[in-house]
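Trainee: Residues in the sequence shown are numbered from 847 upward in steps of one, following my numbering. Idealized CB from N, CA, C, for every residue including glycine. These numbers were taken from a predicted model, which means no experiment stands behind them.
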Amino acid sequence: MRKSIQKIQNYKKEGKKITVLTAYDYSTAKYIDQAGVDMILVGDSLAQVALGLENTTDVGMEEMLIFTRAVSRGVENALLIADMPFMSFQIDKANTMKNACEFIKAGANAVKLEGSSDFIIENIKHLTSNGIPVVGHLGFTPMTINSLGGHKIQGKDAERTMDILKDALKLQSAGCFAIVLEMVPLQSGQFISQRLRIPTIGIGGGRFCDGQVLVSDDLLGKYDRYKPKFARQYSSLKDIIFNVAKAYCTDVESGVFPNVNESFMLELEEIEKLENYK
Ligand code: KIV
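1) Once you ignore the five residues that flank GLY1067 on each side, which residues in its own chain have a CB closer than 6 angstroms to its CB?
2) Can you pull every residue whose C-beta falls closer than 7 angstroms to some heavy atom of the ligand KIV, listed in chain order?
3) Quick check: what's the CA-CA separation for SER918 versus GLY953?
4) Note down the Cα distance separating PRO931 from VAL1102, rounded to an integer number of angstroms.
5) When the Cβ atoms of the region 1019-1026 are set against those of the region 1042-1053, are three or more pairs found closer than 8 angstroms?
6) Can you give me the Cβ contacts of ALA896 inside the same chain, cut-off strictly under 6 angstroms, excluding the 5 residues immediately before and after it?
7) Within a Cβ cutoff of 8 angstroms, which residues of the same chain sit near PRO972, ignoring the five residues on either side of it in sequence?
8) Distance, Cα to Cα, ILE1049 vs LEU1060?
9) Pop quiz: SER1062 and THR903 are said to be a contact at Cβ under 8 angstroms. What is the actual Cβ separation, rounded to whole angstroms?
10) Within 10 Å of its beta-carbon, does GLN1040 have 16 or more other beta-carbons around it, so buried, or fewer, so exposed?
11) So if DSSP puts GLN1033 in a beta bridge, which residue, or which two residues, is it bridged to?
12) Report yes if the CB atom of LEU899 is closer than 8 angstroms to the CB atom of ILE886, and no otherwise.
13) Using three-state DSSP, classify GLU922 as helix, strand or coil.
14) Please say whether MET933 and PHE986 have beta carbons closer to each other than 8 angstroms?
15) Exposed or buried, which one is GLU948 when buried takes at least 16 other CB atoms within 10 Å?
16) Let's see if you can read the secondary structure: which residues bound the beta strand (DSSP E) around GLN1058?
17) With a 10 Å radius around its C-beta and 16 neighbouring C-beta atoms as the bar for buried, classify ASN856 as buried or exposed.
18) Which class does ILE1086 belong to by DSSP, given the choice of helix, strand or coil?
19) Taking the Cβ atom as the reference point for each residue, do ASP879 and VAL905 lie within a distance shorter than 8 angstroms?
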């Protein structure tokens, strides 16, 4: 059974750190889930890491739903969150609600929305008051990369940290059950986390956040177009894939693959019959 929101929120009270990873396909989701991650996010980062696109704004509802369904089939224990893509929660309340419901139908237990403008807060309230669990996302918000002027650290001084805290409190009042804090200084992450009832999930937000999230392709060393400072690479899947594909080509070209054990065999008498056809 998947973890409940109450369980995730209790982790904050108990001082247990919350683990979150992204996933975009069935088998990765399955193994991440079996490893015991608390929440799995079908992030709109799939635009870059799974589809090779430039920005998260390049991905839409249609793609996000396909990946959410695939991941959902692999997840048994973790709470599954789907990222609401650009344009899916910026139109109006009815449209936001319809799109959020599509994600729940696709197997997600909650949705994540970036931002904290009055308009977005109203949309979040509309979702949470109608039974859709929502995770907020503050600090660096990739969808607004153009107005932020690039991958820039947010909350870089006391005043700007206070601004993020005010926004986080608004999201908490709007009914968000957790907030992703992206690219804020460690002390800002700590200051904000200590003042919220709901858990913060940091990504470049320092170790005092209540939990951590990473893009699984960064963790696995599979995506090399951009390497964020905050991502720890635990493996080099890129090299493993490269070396395995190279070994395969060598084996096929030299005739070593497939061997007898990897082939289907005719019965002896059928071989003899074939030989008689010669
Ligand atoms: O899309 C994503 O992967 C995210 C995480 C970076 C939090 O939003």
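Mentor: Looking at the atomic coordinates:
1) GLN1079, SER1081, SER1082, LEU1083, LYS1084
2) THR868, LEU887, GLY889, ASP890, SER891, THR902, ASP929, LYS958, HIS983, PRO988, VAL1026, GLU1028, ILE1049, VAL1059, VAL1061
3) Rounded to the nearest angstrom, the two C-alpha atoms are 5 angstroms apart.
4) 47 angstroms
5) yes
6) TYR870
7) One detail in the question is off: residue 972 reads as His in this sequence, not Pro. Correct list, in chain order: LYS939, THR942, MET943.
8) 6 angstroms
9) Actually they are not in contact, since the Cβ atoms of SER1062 and THR903 sit about 21 angstroms apart, beyond 8 angstroms.
10) It is exposed - the Cβ of GLN1040 has fewer than 16 other Cβ atoms within 10 Å.
11) Paired residues: none, contrary to the question.
12) No. Outside cutoff.
13) coil
14) no
15) With 16 or more other Cβ atoms within 10 Å, it is buried.
16) It spans 1057-1060 - the beta strand (DSSP E) in which GLN1058 sits, taken as one unbroken run.
17) exposed
18) helix
19) no
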